[in-house]
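Engineer: This is the structure I have questions about; it appears just below.
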Amino acid sequence: MSRFTEYSVVGRTLPTEADPAPKLYRMRIFAPNEVVAKSRYWYYLRQLKKAKKANGEIVALNVIHEKKPLKVKNFAIWLRYDSRSGTHNMVKEFRALSRAEAVESMYQDMAARHRARFRNVQILRVAEIEKTEDIRRPYIKQLITPGLKFPLPHRRTKSKAWFAANRPVSTISINKIPNTDHHQSTWA
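Counting from 1, position 62 in the sequence shown corresponds to residue 62 in full-length UniProt numbering; the numbering is continuous, with no gaps.
Shown next, in the form of structure tokens:
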């Protein structure tokens, strides 16, 4: 379960005599809860349009669920973040089960690599990468190679009898090469 949830927030400015039917604005917001989602909505709407919470209202707030939550997908995230030296644009790729999990991985990655906090990162766009040819990052490309295999370093062998005289060994030593030539000496 992801820490973030994807919300669809629809809002508008309050109706006035000059504008009795104001335009609706819808945004997809990734936030840990509904309160933060509304707050981020007004933060972005203040920057994009002349609208603020005191003179506006939230019309609808819906949770967007993933259509295929058990399928692993590749995502590209376009973002803008404020560092100590300025504002930077960036595209990052992630492999996750949902858009919300990809965004959570992005926030973790930005905090680790760039010391960027949640308040300093603005998500511009999140898109699923449909074709494997469109993947650009090598750390994602290495995971889509056909016939990919991972080692099993800590296997637990089942004992054949009810009682075993020795404790089971679950680690495999790769460096230990069995000596098959017992009779010949190396000093001969």
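From the three backbone atoms N, C-alpha and C, an ideal C-beta is built for every residue, glycine too. The structure displayed is predicted, hence computed values, not measured ones.
Just to confirm, is the Cβ distance from residue 37 to residue 10 under 9 Å?
Structural biologist: Taking the sequence shown and counting its residues from 1, the one referred to as residue 37 is at position 37. Taking the sequence shown and counting its residues from 1, the one referred to as residue 10 is at position 10. Result no, Cβ atoms of residue 37 and residue 10 do not sit closer than 9 Å.
Engineer: Taking the alpha carbon of residue 76 as the point to measure from, which residue in 47, 129, 142 has its own alpha carbon closest?
Structural biologist: As a working note, residue 76 is residue 76 in the sequence shown. Here the closest residue by C-alpha is 129.
Engineer: Using only CA atoms, which one of 79, 23, 55 lies nearest to residue 30?
Structural biologist: Along the sequence shown, one-based indexing puts residue 30 at 30. Nearest option by C-alpha distance: 79.
Engineer: Report the residue from 47, 42, 154, 66 whose alpha carbon sits nearest the alpha carbon of residue 59.
Structural biologist: Within the sequence shown, residue 59 is the residue found at index 59, counting from 1. When each option's Cα is compared against that of residue 59, the closest is 42.
Engineer: Out of 61, 132, 23, 67, which has the shortest C-alpha to C-alpha gap to residue 146?
Structural biologist: Position 146 of the sequence shown holds residue 146. Taking only the C-alpha atoms, the option nearest residue 146 is 132.
Engineer: Compare the C-alpha of residue 57 against each of 26, 32, 4 and name the closest.
Structural biologist: In the sequence shown, counting from the first residue as 1, residue 57 sits at position 57. Minimum Cα distance to residue 57 is reached at 26.
Engineer: List the endpoints of the continuous alpha helix (DSSP H) containing residue 122.
Structural biologist: Within the sequence shown, numbered from 1, the residue matching residue 122 stands at position 122. It is not in any alpha helix (DSSP H) - residue 122 instead sits in the beta strand (DSSP E) that spans 121 to 128.
Engineer: Using DSSP bridges, identify the partner residues of residue 262.
Structural biologist: An answer regarding residue 262 cannot be provided, because it is not within the stretch 1 to 188 covered by the chain.
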